[in-house]
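What follows is a short report on a single structure.
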Amino acid sequence: MCYDPQAGSDLNILCLNCCGIKSRVNYPEFKDIIDNHEIVCLVETKTDDIDVINLPGYEFKMKNRKKVTKTRSGGITVGYKEHLKTMIEIIDTECKYVMWFQVNGKAFNLDKPVVFGVVYIPPEYTRYSSDEAVNEIEQEFLRFSNISNYICLLGDFNARTGCDDDFVIINEDEHGDNNLSDFIENPINALEALSIPTKRESMDKGKNRYGNMLLNFCKGNGVFILNGRLGRDQNIGRFTCRNASVVDYCISTPELLKTFKDFEVLDSSKLLSDVHNPLSITFFCDKNLAIAHAENVDYFSKKNTFTKIKRWNSEKIKDFQNNIDVEKIAELEYKLTNTDLTVVNKNIINSLIDDLCNIFVKSGKTTFGTYTVKQTKKRGDFGNKNKPWFDEECKFARQNYRKLKRRFKSKNHSKNHSDMLNAEKAYKNILDSKFRNFRKDLSDKIQNLRGKNPKEYWKILNQNKRKKQPDIDIGKLHDFFKNLNAAPEDEKNVQLPEINPMQCEQMNEHINSPFSKDEILQIIEM
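With the UniProt record's numbering, letter number 450 in the sequence shown gets 450, and the count goes up by one each step, no holes.
Written out as structure tokens, the structure is:
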């Protein structure tokens with residue numbers, strides 16, 4: 001690969017057909033796999049415009065079916081960690097089978113943005129299937145190709161492609177006489193340059209109609225399927241659905257291949273999806289960008305740390321005074337003396353204050369020392385991980401499931417696999433039952449409190465609301481109130497008639513005259 005993993009960091013993206021997200025967010029295992037990825041692409045979320053996905057630390061954008069029905073289906077959702085919101089832009093398009101977003105190219109050391117398309121194509125021969133789905137996606141793909149040549153498609157295509165080639169073999173010998181080979185760019189060269197196999201492997205040997213369409217799409221646009229080619233899935237092509245077929249893919253343009261670090265098909269679990277395996281894609285990422293977006297905190301690293309000065313010690317006051325940089329004080333004094341007071345603005349004042357603070361901070365570090373603190377999730381922002389309904393029975397079922405899961409990984413045979421699946425099913429049933437009972441009890445409690453104890457009623461309704469200060473720059477607040485209190489400008493130069501002073505005196509004299517006795521009695525009688 002062209003990137004040095006030691007010099008940069010990783011950007012992890014999860015892609016999963018979750019078969020409905022509403023119940024999944026209650027499972028600790030679902031939250032854990034989300035937390036391990038910076039960007040999350042979920043399809044068949046079965047959400048509509050009245051739904052809200054709330055996972056602490058993430059922002060979610062949804063592309064739902066336009067029609068709200070009792071039986072929900074489809075739906076695409078993109079989630080990303082909150083500190084990435086300045087780097088990610090959601091792109092609205094007409095095609096209902098794909099949701100596009102772009103990531104700032106600087107994150108990948110690229111000169112253009114990286115465009116991602118999250119795809120969900122309903123299975124063929126269903127009421128929602130469409131033979132034009134791939135064509136509609138292709139039209140938008142071509143439009144984005146004019147903006148950037150770094151494009152990645154990922155999601156559930158419901159297409160079985162077997163092991164067939166997804167590229168056109170260009171025989172240079174056939175074009176040798178007319179020198180056409182000098183003008184034809186062979187995309188396979190990109191694979192060979194990065195030591196990626198040209199022949200992909202797949203455990204699924206079957207094909208369907210959608211699979212042929214997807215292969216034609218890849219051949220026509222010079223893009224490659226990464227399943228069975230890259231990372232931990234190289235030369236494997238692991239099943240992604242029902243342990244029987246490959247329908248979930250990651251597809252990339254040749255120019256973007258150099259940024260991929262790993263591709264893996266994770267283990268399936270009923271807690272994550274009814275029938276699909278998650279896809280985990282890792283990109284090499286520019287670590288300096290993370291530092292620029294968060295002061296001294298590497299958000300892409302799992303070891304988020306920052307430096308703090310040790311606690312003040314009164315016994316070291318003399319040392320603190322002696323460690324103050326006298327030269328910096330002299331420089332600051334010179335700036336203050338030579339500052340023109342007629343042109344002073346807030347930027348100059350802020351600069352001088354920053355210089356003064358830096359002098360004290362530097363002395364504090366030298367005198368008292370520093371220590372490293374790991375960045376952790378604040379309790380006030382994220383709350384308890386375990387919900388009130390997650391009781392001892394849930395914990396015991398989870399421990400049993402995880403124990404059998406570890407046993408199956410260490411000794412992979414049929415009985416251990418069967419025991420693990422049974423424990424997973426029992427664990428999931430207990431979670432669903434506990435959550436349903438909790439919701440029912442809470443609903444009954446709210447109904448009773450509404451009339452009997454309004455204070456407690458509103459306390460329950462408002463307990464999940466977070467009191468968060470708006471992130472508004474102090475400079476913007478200053479400018480806003482400054483403009484608010486400024487005298488209005490007459491932009492249209494409207495000429496108002498002059499006021500006659502004699503008329504004003506007469507009007508004021510009439511208004512300010514005292515009430516007469518007759519006027520007061522008249523009001524009383526009314």
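In this text, a Cβ means the ideal position worked out from N, Cα and C, and glycines have one as well.
Would you mind sorting residue i into buried or exposed? The rule is 16 or more other CB atoms within 10 Å of its CB.
| i | result |
| --- | --- |
| Lys517 | exposed |
| His413 | exposed |
| Lys199 | exposed |
| Leu341 | exposed |
| Ser238 | In the sequence as presented, Ser is not what sits at residue 238; that position holds Arg. Buried. |
| Lys452 | exposed |
| Tyr97 | buried |
| Tyr334 | exposed |
| Gln102 | buried |
| residue 527 | Nothing can be reported for residue 527: it is not among the residues displayed for the chain, which extend from 1 to 526. |
| Ala244 | exposed |
| Thr337 | exposed |
| Thr77 | buried |
| Val247 | buried |
| Asn227 | buried |
| His478 | exposed |
| Ile225 | buried |
| Glu29 | buried |
| Ala330 | exposed |
| Thr339 | exposed |
From the DSSP output, in three-state form, read off residue i for me.
| i | result |
| --- | --- |
| Val78 | strand |
| Lys199 | coil |
| Lys22 | coil |
| Val118 | strand |
| Met87 | coil |
| Phe239 | coil |
| Ile137 | helix |
| Leu55 | coil |
| Tyr401 | helix |
| Ser410 | helix |
With a cut-off of 8 angstroms on the beta carbons, I'd call residue i and residue j a contact; round off their distance for me.
| i | j | result |
| --- | --- | --- |
| Val118 | Tyr150 | Between Tyr150 and Val118 the Cβ distance is about 16 angstroms, and since that is not below 8 angstroms, they are no contact. |
| Gly79 | Asn64 | That pair is no contact at about 14 angstroms. |
| Ile309 | Phe368 | 6 angstroms |
| Ile359 | Asp325 | 6 angstroms |
| Ile121 | Asp156 | 7 angstroms |
| Leu194 | Leu266 | Going by Cβ atoms, the distance from Leu194 to Leu266 rounds to 23 angstroms, so no, they are not a contact pair. |
| Phe263 | Gly231 | 4 angstroms |
| Cys18 | Thr45 | 6 angstroms |
| Cys95 | Glu140 | 5 angstroms |
In whole angstroms, what separates the C-alpha of residue i from that of residue j?
| i | j | result |
| --- | --- | --- |
| Val43 | Ile88 | 19 angstroms |
| Ile188 | Val223 | 10 angstroms |
| Glu525 | Phe515 | 16 angstroms |
| Glu519 | Asn485 | 41 angstroms |
| Phe260 | Phe481 | 49 angstroms |
| Arg229 | Arg127 | 34 angstroms |
| Asp298 | Asp355 | Confidence at Asp298 is low in this model, with a pLDDT of 41, below 50, so the placement of that residue should be treated as unreliable; the coordinate-derived value is given next. Cα to Cα, the separation comes out at about 26 angstroms. |
| Glu424 | Ile281 | 25 angstroms |
| Phe108 | Ile251 | 17 angstroms |
| Asp52 | Arg143 | The identity of residue 52 in the sequence shown is Val, whereas the question assumes Asp. Taking the straight line joining both Cα atoms gives about 31 angstroms. |
| Tyr457 | Lys61 | 31 angstroms |
| Ile91 | Cys357 | 43 angstroms |
| Asn277 | Lys270 | 10 angstroms |
| Ile472 | His83 | 16 angstroms |
| Ile196 | Lys346 | 56 angstroms |
| Asp32 | Asn186 | 42 angstroms |
| Thr366 | Leu332 | 20 angstroms |
| Gln399 | Gly20 | 25 angstroms |
| Asn216 | Met99 | 21 angstroms |
| Gly211 | Leu421 | 30 angstroms |
| residue 527 | Arg160 | Within the shown structure, residues of the chain are numbered from 1 to 526, placing residue 527 beyond reach of any answer. |
| Phe300 | Phe435 | With a pLDDT of 42 at Phe300, under the threshold of 50, the modelled position of that residue is not reliable, and no figure is offered here. |
Starting from residue i and walking both ways along the beta strand (DSSP E), at which residues does that stretch end?
| i | result |
| --- | --- |
| Lys61 | 58-63 |
| Ser363 | Run containing Ser363: none in the beta strand (DSSP E); it sits in the alpha helix (DSSP H), 346-368. |
| Tyr249 | 248-252 |
| Trp100 | 98-103 |
| Ile13 | 9-17 |
| Glu264 | 260-265 |
| Ser280 | 279-285 |
| Cys95 | Segment: none, Cys95 is in no beta strand (DSSP E) and carries neither H nor E. |
| Gly228 | Run containing Gly228: none; DSSP gives neither H nor E here. |
Any Cβ of chain B within less than 8 angstroms of the Cβ of residue i?
| i | result |
| --- | --- |
| Asn313 | This model lacks chain B altogether; it includes just one protein chain. |
Specify, as a first and last residue, the run of the alpha helix (DSSP H) that residue i falls within.
| i | result |
| --- | --- |
| Ile34 | 28-35 |
| Glu525 | 517-525 |
| Ile460 | 454-461 |
| Cys218 | 209-221 |
Is there at least one non-hydrogen atom of the ligand ATP closer than 7 angstroms to the beta-carbon of residue i?
| i | result |
| --- | --- |
| Leu431 | Among the ligands in the structure shown, none appear at all, so the ligand ATP cannot be discussed. |
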